[in-house]
Amino acid sequence: MTRHEEPVRSSRKSYTFYPVDSPELAHRMEAAVSFEGFYTYLLHQDLDHVVPYRLGRDDRGAARMVGQDAERATELVATALSDRDWHPSLQDGVRDFFGTTAQYLVLGGPVTYEIEYLYRASAPEDSAPEGFRLHLIQPGTLGERNGQPIQYVLPTISSLRDTNGLPYVELEPSALVRFTLPVELAKPVTRFVNFLKTANDQQGSELALVEQAMTSSSKFSYEQFRRKQRDLFARVTESVGWNVRDLFNEGQLEPFGVWRQIRFLEFKVKLRDKICQDLNLAISQVGKKMEFETKLEFDGLPTLATVESLKNDFRSGRQGLGDLVMSMI
Amino acid sequence: MLDRLRRRVDPVRRYERQLRGLSDPRYWSRQARLQKLRRRVSSFSLGLRQGGDSARQDARVIGPLLWRVLIGASLSVALLVGIDACAAWLGGFFHFGSLFTPVSSSSYVPVASAGVGALAVFLALFFTTVGVIASTAYVKVPGEIRQLFVKERTSTFYIFTVVVALVYGTVLLTFPVISGRELRGLTVAFFWFLTIASILSLAILGRSLFNFFDPSTLARRLYPQFLRAVRRASASGRHVPDEIEQQMAQQQAARVLARYGQLVTVVTTREVQDAAAPETLIYQLITCWEVTSRLKSTIPTKSEWYAKAPTHANWLTLDHNRLNMALQTRTGVQPTLTPDPLWVERRLAAFLTSLLPALSADGEWSRAISVIDFITERIFYLATRMQIDEAVLLLGVITSYRSEISASTATPGIDEEFSRLAIAEREVLGYTSLWLGFARSLEALDPIKLAQSFDRAVEETRSPYKVGAFRTLLGFLENVANGIALERATEGGRITPDWWLHHIASRYMAVAVADNAGAIMSAVSARLIQTQAAEGAADPQMVAVRIFDLLELLHKIQFHMQNVRAAFTRLETLRHDPSQDELWPELGSPDQTVPVMEEQLLLQLATVAPALATTSHDPSKPDLFGQAYRRLFDAAFHAIIEGRTVVATTLFPIIIDVADKARLRLSSDLSDERLREQAIFGTEPFVDMMELSGYALLMTHVDPPGIQPLVRTTWDAIFSSTTMPDLAGALLGVLVLQENNFAITSGGVGRTGRQMELARLLRDRGIVSDFGAWPHPHQPTHDDPVVAVFAPDDMMGVHHDLADLFVVEYLADRPESAGHQLPRGADMLRESINHQTRRRGGTDQAEEQEQ
Numbered sequence: 001m002t003r004h005e006e007p008v009r010s011s012r013k014s015y016t017f018y019p020v021d022s023p024e025l026a027h028r029m030e031a032a033v034s035f036e037g038f039y040t041y042l043l044h045q046d047l048d049h050v051v052p053y054r055l056g057r058d059d060r061g062a063a064r065m066v067g068q069d070a071e072r073a074t075e076l077v078a079t080a081l082s083d084r085d086w087h088p089s090l091q092d093g094v095r096d097f098f099g100t101t102a103q104y105l106v107l108g109g110p111v112t113y114e115i116e117y118l119y120r121a122s123a124p125e126d127s128a129p130e131g132f133r134l135h136l137i138q139p140g141t142l143g144e145r146n147g148q149p150i151q152y153v154l155p156t157i158s159s160l161r162d163t164n165g166l167p168y169v170e171l172e173p174s175a176l177v178r179f180t181l182p183v184e185l186a187k188p189v190t191r192f193v194n195f196l197k198t199a200n201d202q203q204g205s206e207l208a209l210v211e212q213a214m215t216s217s218s219k220f221s222y223e224q225f226r227r228k229q230r231d232l233f234a235r236v237t238e239s240v241g242w243n244v245r246d247l248f249n250e251g252q253l254e255p256f257g258v259w260r261q262i263r264f265l266e267f268k269v270k271l272r273d274k275i276c277q278d279l280n281l282a283i284s285q286v287g288k289k290m291e292f293e294t295k296l297e298f299d300g301l302p303t304l305a306t307v308e309s310l311k312n313d314f315r316s317g318r319q320g321l322g323d324l325v326m327s328m329i
Numbered sequence: 001m002l003d004r005l006r007r008r009v010d011p012v013r014r015y016e017r018q019l020r021g022l023s024d025p026r027y028w029s030r031q032a033r034l035q036k037l038r039r040r041v042s043s044f045s046l047g048l049r050q051g052g053d054s055a056r057q058d059a060r061v062i063g064p065l066l067w068r069v070l071i072g073a074s075l076s077v078a079l080l081v082g083i084d085a086c087a088a089w090l091g092g093f094f095h096f097g098s099l100f101t102p103v104s105s106s107s108y109v110p111v112a113s114a115g116v117g118a119l120a121v122f123l124a125l126f127f128t129t130v131g132v133i134a135s136t137a138y139v140k141v142p143g144e145i146r147q148l149f150v151k152e153r154t155s156t157f158y159i160f161t162v163v164v165a166l167v168y169g170t171v172l173l174t175f176p177v178i179s180g181r182e183l184r185g186l187t188v189a190f191f192w193f194l195t196i197a198s199i200l201s202l203a204i205l206g207r208s209l210f211n212f213f214d215p216s217t218l219a220r221r222l223y224p225q226f227l228r229a230v231r232r233a234s235a236s237g238r239h240v241p242d243e244i245e246q247q248m249a250q251q252q253a254a255r256v257l258a259r260y261g262q263l264v265t266v267v268t269t270r271e272v273q274d275a276a277a278p279e280t281l282i283y284q285l286i287t288c289w290e291v292t293s294r295l296k297s298t299i300p301t302k303s304e305w306y307a308k309a310p311t312h313a314n315w316l317t318l319d320h321n322r323l324n325m326a327l328q329t330r331t332g333v334q335p336t337l338t339p340d341p342l343w344v345e346r347r348l349a350a351f352l353t354s355l356l357p358a359l360s361a362d363g364e365w366s367r368a369i370s371v372i373d374f375i376t377e378r379i380f381y382l383a384t385r386m387q388i389d390e391a392v393l394l395l396g397v398i399t400s401y402r403s404e405i406s407a408s409t410a411t412p413g414i415d416e417e418f419s420r421l422a423i424a425e426r427e428v429l430g431y432t433s434l435w436l437g438f439a440r441s442l443e444a445l446d447p448i449k450l451a452q453s454f455d456r457a458v459e460e461t462r463s464p465y466k467v468g469a470f471r472t473l474l475g476f477l478e479n480v481a482n483g484i485a486l487e488r489a490t491e492g493g494r495i496t497p498d499w500w501l502h503h504i505a506s507r508y509m510a511v512a513v514a515d516n517a518g519a520i521m522s523a524v525s526a527r528l529i530q531t532q533a534a535e536g537a538a539d540p541q542m543v544a545v546r547i548f549d550l551l552e553l554l555h556k557i558q559f560h561m562q563n564v565r566a567a568f569t570r571l572e573t574l575r576h577d578p579s580q581d582e583l584w585p586e587l588g589s590p591d592q593t594v595p596v597m598e599e600q601l602l603l604q605l606a607t608v609a610p611a612l613a614t615t616s617h618d619p620s621k622p623d624l625f626g627q628a629y630r631r632l633f634d635a636a637f638h639a640i641i642e643g644r645t646v647v648a649t650t651l652f653p654i655i656i657d658v659a660d661k662a663r664l665r666l667s668s669d670l671s672d673e674r675l676r677e678q679a680i681f682g683t684e685p686f687v688d689m690m691e692l693s694g695y696a697l698l699m700t701h702v703d704p705p706g707i708q709p710l711v712r713t714t715w716d717a718i719f720s721s722t723t724m725p726d727l728a729g730a731l732l733g734v735l736v737l738q739e740n741n742f743a744i745t746s747g748g749v750g751r752t753g754r755q756m757e758l759a760r761l762l763r764d765r766g767i768v769s770d771f772g773a774w775p776h777p778h779q780p781t782h783d784d785p786v787v788a789v790f791a792p793d794d795m796m797g798v799h800h801d802l803a804d805l806f807v808v809e810y811l812a813d814r815p816e817s818a819g820h821q822l823p824r825g826a827d828m829l830r831e832s833i834n835h836q837t838r839r840r841g842g843t844d845q846a847e848e849q850e851q
């Protein structure tokens with residue numbers, strides 16, 4: 001069966017939409033996650049590399065399905081993770097899925113996907129699905145009503161209303177899968193992102209202070225301003241090791257910069273492993289329904305053992321800093 | 001409640017608040033107010049620490065004087081009450097007339113009144129004297145200097161004693177009236193003791209009264225002030241001075257240097273010059289330089305102590321933040337203010353440059369030479385601290401002085417002439433001192449200790465100032481110490497590994513070693529060698545003296561370069577190989593130009609050597625001619641055997657000419673000796689001429705074409721122009737005499753040494769003879785019979801004298817030699833050559849027959 005050739009029946013309940021003409025929904029969605037803002041956007045871009053772009057394009061790393069039904073499942077998972085406008089590719093699909101999920105997880109918190117099962121239109125109701133997809137429940141639209149999960153939607157989509165008059169649709173709990181940050185990172189990451197949001201608001205404020213200093217007797221010192229910013233950013237980013245694209249590297253030593261890169265790699269590895277773990281739960285859930293047993297694994301990508309080895313090399317000097325950086329790229 | 005509390009203590013929340021605060025103009029206003037407050041507090045505490053120095057700078061002279069009077073008065077009253085109480089207590093034990101008992105005021109008032117009056121007159125006279133001198137001798141000096149004079153003179157022991165005695169006397173007269181009590185005899189007697197002490201201190205004052213006219217004595221107060229300022233800027237103790245303290249220290253030092261500048265102007269523009277005043281000032285200024293040098297490694301590199309010069313940013317490599325700021329505000333990028341680490345030294349060098357000529361203005365050359373020797377010693381110590389820029393600046397002072405006296409058009413007297421030579425010599429010695437100091441600093445370099453000191457230097461932010469690092473290394477260690485402090489604050493511990501610190505710090509040292517070695521060589525080349533060449537041979541003696549010292553300097557550079565290389569190699573043990581650091585410097589061969597420079601100097605020496613000739617040696621003067629002759633002979637010998645034809649061609653005719661002049665001078669120098677000594681030593685130059693010619697002829701056989709034609713034309717010219725009746729006979733006679741002389745002369749030892757060098761050179765080129773070669777395999781003889789004869793064997797080296805070769809190849813063939821006995825050595829040599837020629841011919845015939 002090829003895509004779009006035969007009509008299919010979908011189990012999907014959720015919707016993907018732009019919150020036009022619904023200020024309240026727009027507000028909820030924006031409050032849940034926003035990539036707007038200088039620093040959060042930089043982080044958003046860097047998180048896109050939680051799985052490298054080169055995945056599957058050379059012999060330095062690839063995703064593969066393992067297990068007894070790996071061959072059959074590879075195409076199904078590739079289709080499930082790939083954009084439906086493109087030819088399914090496990091490598092590209094995995095890379096995009098992990099990048100997007102990592103961005104939402106770090107900048108917005110836990111992420112929920114709905115498993116959409118696809119059936120032939122002509123197939124009987126109790127037949128097994130032919131395929132599946134994963135759909136992101138847009139952050140900020142997920143809610144709960146009487147213990148049941150719901151998604152807030154545009155008024156034009158549903159006639160159901162909650163007590164506040166907000167339109168919603170009911171979701172099937174068994175079709176939802178939740179992706180979360182590793183437990184030990186959840187709090188530090190939330191605090192770190194909140195700090196970045198504050199920094200977004202303050203970004204460019206020094207321009208006004210400089211202008212003010214030029215026209216009045218203001219005692220603004222750009223050097224001091226930068227130094228303070230550097231100290232604050234260095235403290236706050238410690239939990240994830242992000243170097244803010246070296247924007248605040250004055251007075252930092254070269255080894256410190258490399259150490260931070262190792263730490264950020266460690267963060268990305270933990271994040272990738274957790275997403276992989278949650279995705280494998282979803283695949284397992286789908287497998288039960290579609291009768292396959294498989295799971296996703298990565299070959300050749302850095303692991304926590306790699307990170308530990310890099311840390312040891314850093315401390316012992318077995319490799320130079322340049323080589324350490326190269327081995328992380 | 002708990003959540004709210006948690007949110008309050010959440011450090012990230014606090015950081016957010018702080019980040020928001022940074023964008024608030026009120027935060028910066030608060031910071032400014034705080035800084036202002038700190039400045040005031042710091043200023044106040046500094047003011048207290050330096051005993052109100054800064055306040056007194058601005059106050060009038062009367063201020064401190066009144067202050068002293070008040071102190072004196074209080075002291076006097078306290079003294080009087082104390083002594084009276086003491087006398088009352090002693091009265092309980094002792095009885096001596098009315099010494100410990102109350103006496104009537106009427107018994108001492110007339111005499112005490114007279115004493116007080118006399119003391120008042122003393123004081124008035126002193127101030128009148130000071131006032132008169134200030135308004136006459138110091139009428140044309142800046143106000144600050146006059147103020148310094150008055151302050152200096154009003155702070156003497158004499159003034160203090162007189163004031164105390166005067167006030168004591170006054171209290172003695174008024175106390176009974178006010179208190180209604182009678183004082184004891186001891187109290188009255190103490191007044192007379194004070195009065196006598198005042199009179200005696202007047203005598204001490206009178207001795208130094210004439211110092212009042214010497215402005216250099218005013219500088220005595222300046223040096224302690226300068227020392228305090230440098231110490232204040234230094235972080236050698238527990239306290240690292242903050243920005244405000246650094247600024248104040250810099251201002252104080254700048255003020256002191258300005259006063260020094262004014263004193264230098266006063267001293268150098270006086271109508272009557274004497275050497276004592278400039279000498280005093282010079283020693284003080286050099287001491288200021290020394291203290292700055294010693295404490296330099298303890299002053300933060302970005303300290304406000306250093307004057308600042310703007311450094312403009314490169315827009316093409318600008319960081320995002322500054323570029324963005326400039327583009328957004330449509331402004332330029334503010335230049336960074338870079339510290340000028342030599343601001344003190346530059347000023348001191350300028351003062352010294354002005355003062356040195358004043359030192360020798362009245363012919364006090366010995367003082368000038370002593371001062372320059374002192375400066376040379378300082379240069380050594382500067383170099384041991386790797387303060388090469390500073391040392392070169394100080395050398396510039398000597399160079400400037402030397403240029404000035406060299407350019408002097410006045411006809412010098414004998415003393416002045418020698419002093420000029422001595423100073424010219426010391427200019428080169430300064431560079432020698434610089435090089436030796438630099439090499440010394442590297443001698444004891446131990447990588448293990450070095451690594452330990454690097455570790456110690458980054459333990460805390462104030463640690464870099466405790467290890468005596470030179471400027472660039474200090475800057476790096478400061479960055480590392482601050483970077484590690486940041487790491488501790490953010491990561492909870494040090495991140496930067498030891499290996500990186502050791503690698504980069506030793507790289508800084510390696511760069512400094514390579515750069516400094518190169519800089520010293522460049523300075524020697526540009527400031528000495530090239531200057532020497534440009535100045536020409538106007539003053540042959542000066543040129544010769546400088547060339548001798550330069551040759552010594554170049555030799556020392558080559559000799560100690562091995563220390564530098566060894567240190568560089570030791571530094572490489574701290575290099576982190578896995579880093580493959582392409583910024584690690586190469587030492588290269590800074591001394592590779594030394595042979596060229598030596599050659600250049602020797603050629604220049606050759607041009608002036610004939611002009612140095614004297615009719616006899618004067619032991620009271622350096623023997624420049626003799627030294628030049630020996631040096632040039634040695635240079636010519638090496639040029640000939642090493643095949644440096646250009647140098648040999650230039651030197652050979654000159655050395656033959658100079659040798660003849662040496663022979664003439666020896667005949668005068670040895671006129672008082674016995675005939676045998678005259679014959680042995682007086683003929684040495686003849687032997688030298690023939691020996692050198694022999695070497696030239698031999699090397700023509702070894703490395704044709706050589707300079708054989710030049711040798712022949714030179715001797716032809718000598719024979720055609722000589723006034724000696726029988727030159728050939730004399731030359732042959734000298735060789736016969738030397739053959740029969742068993743005394744080991746200096747010339748003979750030198751000739752043996754040269755023969756050994758020749759043997760080494762020939763062996764290195766594979767030219768050896770068979771004699772004594774067993775059990776080594778047979779060596780083929782050289783094609784050239786002459787070379788074959790001179791080919792060294794394993795036991796005896798070269799068997800023939802080179803002078804004999806000259807006889808065989810040139811002298812014996814001259815018609816003037818007919819009828820003269822040839823030396824036995826020459827006969828034997830000729831026989832050996834003929835034998836080799838025959839042998840060679842026989843070998844050739846045998847080879848032809850075989851073919």
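Residue numbers (my numbering), protein chains in the order written: chain A, 1 to 329; chain B, 1 to 851.
Cβ coordinates follow ideal geometry from the N, Cα and C atoms, glycine included.
The structure displayed is predicted, hence computed values, not measured ones.
Review point. Near B/Ala728, which residues of its chain fall below 8 Å by C-beta distance, leaving aside the five closest residues on each side in sequence?
Key: What you label residue 728 of chain B is simply residue 728 of the second sequence in a count that begins at 1. Counting only Cβ-Cβ distances below 8 Å, and skipping sequence neighbours, we find Phe719, Leu811, Arg814, Glu816, Ser817, His820.
**Study point:** Delimiting residues of the beta strand (DSSP E) encompassing A/Arg133
**Key:** Translated into positions along the first sequence, residue 133 of chain A becomes position 133. Taken as a continuous stretch (DSSP letters only), the beta strand (DSSP E) holding A/Arg133 covers 131 to 136.
Review point. Excluding sequence positions up to five away, which residues of its chain have a Cβ less than 8 Å from the Cβ of B/Phe100?
Key: Here residue 100 of chain B is taken as the residue at index 100 of the second sequence, counted from 1. These residues qualify, in order along the chain: Ala87, Ala88, Leu90, Gly91, Phe94, Arg184, Gly185, Leu186.
Review point. For A/Pro149, which of helix, strand or coil comes out of DSSP?
Key: Within the first sequence, numbered from 1, the residue matching residue 149 of chain A stands at position 149. Looking at A/Pro149 - three-state DSSP - the assignment turns out to be strand.
Review point. Is DSSP giving A/Tyr113 helix, strand or coil here?
Key: Here residue 113 of chain A refers to the residue found at position 113 of the first sequence. The answer is strand: DSSP assigns A/Tyr113 an E or B state.
Review point. From which residue to which residue does the beta strand (DSSP E) around A/Ser10 run?
Key: As a working mapping, residue 10 of chain A is identified with position 10 in the first sequence. Start and end: 8 to 10.
Review point. Can a CB atom of chain B be found closer than 9 Å to the CB of A/Val236?
Key: Along the first sequence, one-based indexing puts residue 236 of chain A at 236. Interface flag for A/Val236 against chain B is set, since a Cβ pair is found closer than 9 Å.
Point to revise | From B/Gly169, B/Glu182, B/Ala219, B/Arg220, residue whose alpha carbon lies closest to that of B/Ser198 | key: On the second sequence, position 198 is the one that residue 198 of chain B refers to. Ranked by how close their Cα comes to the Cα of B/Ser198, the residues B/Gly169, B/Glu182, B/Ala219, B/Arg220 have B/Gly169 in first place.
**Study point:** Backbone CA spacing between B/Ser54 and A/Gly204 [nearest angstrom]
**Key:** Stepping through the second sequence from its first residue, residue 54 of chain B is reached at position 54. Stepping through the first sequence from its first residue, residue 204 of chain A is reached at position 204. Bear in mind that the predicted position of B/Ser54 carries a pLDDT of just 47, short of 50, making it unreliable; the figure below should be weighed with that in mind. C-alpha separation (whole angstroms): 43 Å.
Exercise for review: Give the straight-line distance between the Cα atoms of A/Ile275 and A/Ser284, rounded to the nearest whole angstrom.
Suggested key: The residue you call residue 275 of chain A lines up with position 275 of the first sequence. The residue you call residue 284 of chain A lines up with position 284 of the first sequence. Pairing A/Ile275 with A/Ser284, the inter-Cα distance amounts to about 14 Å.
**Study point:** Helix, strand or coil at B/Arg676 according to DSSP, with G and I counted as helix
**Key:** Position 676 of the second sequence holds residue 676 of chain B. Looking at B/Arg676 - three-state DSSP - the assignment turns out to be helix.
Check your understanding: Given B/Leu822, which residues of its chain have a CB within under 7 Å of its CB, disregarding the five upstream and five downstream residues?
Key -> As a working mapping, residue 822 of chain B is identified with position 822 in the second sequence. Excluding residues up to 5 positions away in sequence, Leu732, Val807, Ala812 lie with their Cβ nearer than 7 Å to the Cβ of B/Leu822 in the same chain.
Exercise for review: Evaluate B/Tyr508 with the Cβ neighbour count: other Cβ atoms within 10 Å of its Cβ, from every protein chain shown; 16 or more gives buried, anything less gives exposed.
Suggested key: On the second sequence, position 508 is the one that residue 508 of chain B refers to. Burial call: buried.
Practice item. List the residues of chain B whose Cβ lies closer than 8 Å to the Cβ of A/Asp46, in chain order. Key: Within the first sequence, the letter at position 46 stands for residue 46 of chain A. For A/Asp46, none of the residues of chain B pass the 8 Å Cβ criterion, the least Cβ distance being about 15 Å.
Review point. In terms of residues, what are the limits of the beta strand (DSSP E) holding A/Glu332?
Key: What is shown of chain A runs 1 to 329, which leaves residue 332 of chain A out entirely.
Check your understanding: Using the beta-carbon count (16 or more within 10 Å), is A/Asn146 buried or exposed?
Key -> Position 146 of the first sequence holds residue 146 of chain A. With fewer than 16 Cβ atoms within 10 Å of its Cβ, A/Asn146 is classed as exposed.
Exercise for review: With a cut-off of 8 Å on the beta carbons, I'd call B/Phe122 and B/Val162 a contact; round off their distance for me.
Suggested key: Along the second sequence, read from residue 1 onward, the residue named residue 122 of chain B stands at position 122. Along the second sequence, read from residue 1 onward, the residue named residue 162 of chain B stands at position 162. Contact holds; Cβ gap of about 5 Å.
Point to revise | Touching by the beta-carbon criterion (3+ pairs, under 8 Å), the segment 427 to 442 of chain B and the segment 393 to 406 of chain B | key: The segment 427 to 442 of chain B, when compared against the segment 393 to 406 of chain B, does touch it at the 8 Å Cβ threshold.
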